[in-house]
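Reviewing the structure listed below.
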């Protein structure tokens, strides 16, 4: 991490965000303390360089929310990449001023992402991929690519019963805002 910090220090304007950072307990839960320490250091970078984050959470919502609650009110900005959390988590993240990154998982019938968005709306949503993973239906199981973001937008528009243009406008505006584009 020292090398990354040195790179940031030398060229902070070359980056629009810090990430992908976060906690992943899917494979190994014994590294939680080290992961939390790394995450907190990276969140400090966000504040130091006034950059948003892109945060990955995999099987670690409890510890992630503990960290974010501890940092609440300190001016963090960011996106919860590939969001798959509950309505309650989504609402709390949005209350913290954070955004939900929605990709191909939203099109998976049992994922529950659309149900969350029916509650939260699109005002704190950005569209994304997790390329090369998690391609939307009908490409599920194949290599994901940026072109499939449109499929995600179309799926959300149909499921939320809003025009595609609204999904595109709101989520694009959110992305420009959060990343300063």
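Residue numbers (my numbering): 773 to 953. Note that the Cβ used here is the ideal one computed from N, Cα and C, for glycine as well.
- In the same chain as residue 857, and ignoring 5 residues on each side of it, the C-beta atoms closer than 6 angstroms to its own belong to 833, in chain order.
- Excluding residues up to 5 positions away in sequence, 854 and 875 lie with their Cβ nearer than 6 angstroms to the Cβ of residue 902 in the same chain.
- In chain order, 797 and 798 place their CB closer than 6 angstroms to the CB of residue 831, counting only its own chain and leaving out the 5 sequence neighbours on each side.
- Counting only unbroken stretches of 4 or more residues, the alpha helix (DSSP H) elements lying wholly within the segment 885–950 are 885–892 and 921–932, in sequence order.
- Residue 929 and residue 935 have their C-alpha atoms some 6 angstroms from each other.
- Straight across, the Cα-Cα distance linking residue 919 with residue 883 is about 21 angstroms.
- In this structure, the beta-carbon distance from residue 823 to residue 790 falls below 7 angstroms.
- In the three-state scheme derived from DSSP, where H, G and I count as helix and E and B as strand, residue 796 is classed as strand.
- With a 10 Å radius around the Cβ and a threshold of 16 neighbouring Cβ atoms, residue 826 comes out buried.
- Linking residue 945 to residue 870 through their CA atoms gives a straight-line distance of about 14 angstroms.
- It is roughly 42 angstroms from the alpha-carbon of residue 809 to the alpha-carbon of residue 933.
- As a beta-bridge residue in DSSP terms, residue 827 pairs with 793 and 852.
- Taking all protein chains shown into account, residue 910 has fewer than 16 neighbouring C-beta atoms within 10 Å of its C-beta and is therefore exposed.
- In summary, residue 784 is exposed, with fewer than 16 beta-carbon neighbours lying within 10 Å of its beta-carbon over all protein chains present.
- Shown here, residue 870 sits in coil according to DSSP, grouped into three states, outside any helix or strand.
- Around the Cβ of residue 873, a 10 Å sphere holds 16 or more other Cβ atoms; the residue is buried.
- With contacts defined as CB atoms closer than 7 angstroms, residue 859 and residue 888 qualify as a contacting pair.
- Residues 788 and 947 of the same chain have their beta carbon placed closer than 8 angstroms to that of residue 953, with the five preceding and five following residues left out of the count.
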